[in-house]
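In my numbering, the protein residues as written are 2 to 417. Think of the CB as a built atom: it goes at the ideal place given N, C-alpha and C, for glycine as much as any other residue. Here the structure is a predicted model, which is why all the values come from computation and not from measurement.
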């Protein structure tokens with residue numbers, strides 16, 4: 002079969018139907034990241050590992066926690082020495098919530114109106130399928146220099162144990178660039194916002210609701226803290242400015258606990274405020290965390306309530322230059338497939354790429370099938386055509402990245 006105008010040899014070798022069917026197989030596995038589950042990713046990892054075996058790809062299956070395996074394959078290009086490109090994804094998903102809220106079976110992977118519906122269709126089992134079949138097509142098209150690593154990680158929806166384990170492994174030191182295949186609606190996301198999760202534990206004095214003067218209320222203090230956190234957000238917007246893609250720092254109260262619904266006549270001794278903070282490149286996390294602590298203490302002080310702040314998680318904002326080869330490979334491939342250059346953007350949350358950059362120093366870029374804002378919602382879906390489109394881009398991006406040393410430099414710049 003001959004390639005048409007603008008096509009490359011791997012385009013005709015891409016098995017789009019198989020990629021779509023594999024996405025369906027993955028979606029039909031309920032791999033919900035829930036505390037106490039005996040196995041989360043195991044069924045999906047077995048499916049991925051079996052496919053890697055069928056393709057003849059060397060791979061490892063490593064448990065990062067009981068029932069939580071990483072599956073990592075290495076595909077040698079057979080074209081001599083060259084760089085190493087990694088494609089990364091995960092197969093755990095968030096809960097579907099109440100199935101009655103869905104208009105489709107959350108795990109049916111039904112295809113209707115050109116869309117595949119179900120939990121994980123966008124976030125991000127279609128991305129996993131697209132990266133695997135894109136690399137398979139490139140491999141079948143002929144030798145290429147270097148190698149490609151495909152990492153299917155565990156626990157992205159939790160504490161990112163899979164990415165942390167890979168980042169600590171010797172294999173990470175051999176990777177020159179990473180494409181994280183999360184849903185970003187055709188944007189090439191060179192930056193990702195950082196995330197800080199804080200717990201503010203409040204300690205007051207228990208008392209009868211009829212005699213509030215005898216108590217010190219963590220509920221009143223908590224309400225004042227929630228209000229005061231708005232001033233921290235305003236301060237951070239000025240202090241750290243606005244990123245062209247990632248926007249401004251946000252400080253969002255997400256939990257306010259205190260009291261017992263069965264004891265409405267009791268002022269409790271204890272309460273808690275949970276805070277979700279999202280940062281942008283250039284944010285000083287230590288300074289911001291300290292500002293939140295002092296603000297909370299000042300807000301609670303008039304109520305005689307003590308505040309103890311705990312940093313539950315701290316993930317930095319990360320950014321890869323737009324002229325980095327891993328970014329330029331995606332830009333070139335997207336432009337060839339779609340006929341126009343992609344928009345640059347930022348990931349609104351964090352991904353495994355955040356950990357790979359933080360812990361292993363790997364340059365990461367996020368680009369994958371599915372709408373940018375559809376993740377974690379009911380009636381999640383992916384456009385079926387996107388699975389093939391992204392697989393083509395992944396193959397092209399890999400070819401561009403791995404052969405760049407032999408690609409003529411554009412006028413006025415180095416080879417990308």
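**Message:** Report the start-end ranges of each beta strand (DSSP E) in the segment 108-135 that is 3 residues or longer and not cut off at the edges.
**Reply:** As for any beta strand (DSSP E) of minimum length 3 sitting wholly inside the segment 108-135, the runs are 116-118, ordered along the chain.
**Request:** Go to residue 53, then tell me how far its alpha helix (DSSP H) extends in each direction, as first and last residue.
**Result:** 43-56
**Message:** Measuring alpha carbon to alpha carbon, tell me which residue in 235, 153 and 186 is nearest residue 347.
**Reply:** 186
**Message:** Which same chain residues end up closer than 8 Å to residue 38 when comparing Cβ atoms and leaving out the 5 residues on each side of it in sequence?
**Reply:** 68.
**Request:** Compare the Cα-Cα distances from residue 188 to each of 45, 114, 335 and 206 and report the closest residue.
**Result:** 335
**Asked** Are three or more beta carbon pairs between the segment 309-317 and the segment 376-392 nearer than 8 Å?
**Response** no
**Message:** Between the alpha carbons of residue 47 and residue 235, how many angstroms are there, rounded?
**Reply:** If you take the alpha carbons of residue 47 and residue 235, they lie about 48 Å apart.
**Prompt:** Name the DSSP beta bridge partners of residue 61, please?
**Reply:** 73
**Request:** Would you mind giving the Cβ-Cβ distance between residue 17 and residue 389, rounded to the nearest angstrom? I have them listed as a contact below 8 Å.
**Result:** 4 Å
**residue 174 in three-state terms, based on DSSP** = helix
**Prompt:** Are the beta-carbon atoms of residue 233 and residue 293 separated by less than 8 Å?
**Reply:** yes
**Prompt:** Residue range of the beta strand (DSSP E) that residue 145 falls in?
**Reply:** Where residue 145 is concerned, there is no enclosing beta strand (DSSP E), given that its DSSP letter is neither H nor E.
**Asked** Going by alpha carbons, who is nearest to residue 211 out of 264, 93 and 129?
**Response** 264
**Request:** Give the secondary structure of residue 194 by DSSP, where H, G and I count as helix, E and B as strand, and everything else as coil.
**Result:** coil
**Asked** Do you know offhand how far residue 33's Cα is from residue 110's?
**Response** 15 Å
**Message:** Does the segment 280-292 come into contact with the segment 214-231, if we say contact requires no fewer than three beta-carbon pairs (one atom in each stretch) closer than 8 Å?
**Reply:** no
**Prompt:** Which residues mark the beginning and the end of the beta strand (DSSP E) in which residue 90 is found?
**Reply:** 85-91
**Continuous beta strand (DSSP E) stretch holding residue 326: start and end** = Unbroken run through residue 326 is the alpha helix (DSSP H), 326-339; no beta strand (DSSP E).
**Asked** Which of the three DSSP states, helix, strand or coil, is assigned to residue 388?
**Response** helix
**Asked** Cα separation between residue 400 and residue 147?
**Response** 10 Å
**residue 363, DSSP secondary structure in three states** = coil
**Message:** Any beta carbon of chain B sitting closer than 8 Å to that of residue 157?
**Reply:** Included in the structure is just one protein chain, with no chain B present.
**Proximity winner among 117, 138, 60 and 366, relative to residue 153 (alpha-carbon distances)** = For the residues 117, 138, 60 and 366, the minimum Cα distance to residue 153 belongs to 60.
**Asked** Alpha carbon to alpha carbon, what distance is there between residue 364 and residue 326?
**Response** 10 Å
**Prompt:** In chain order, what residues of the same chain have a beta carbon less than 6 Å from the beta carbon of residue 28, not counting five sequence neighbours either side?
**Reply:** 110, 119, 121, 122 and 126
**Extent of the continuous alpha helix (DSSP H) to which residue 230 belongs** = It spans 219-241 - the alpha helix (DSSP H) in which residue 230 sits, taken as one unbroken run.
**Asked** Going straight from the alpha carbon of residue 84 to that of residue 155, what length do you get?
**Response** 25 Å
**Prompt:** Taking C-alpha atoms, which residue in 173, 208, 191 and 280 lies nearest to residue 343?
**Reply:** 191
**Message:** Closest to residue 261 by C-alpha separation, out of 207, 240 and 296, would be which residue?
**Reply:** 207
**Cut-off 6 Å between Cβ atoms - residues of its own chain near residue 373, not counting five sequence neighbours on either side** = 185 and 186
**Request:** Report the three-state DSSP secondary structure of residue 78 (helix, strand or coil).
**Result:** coil
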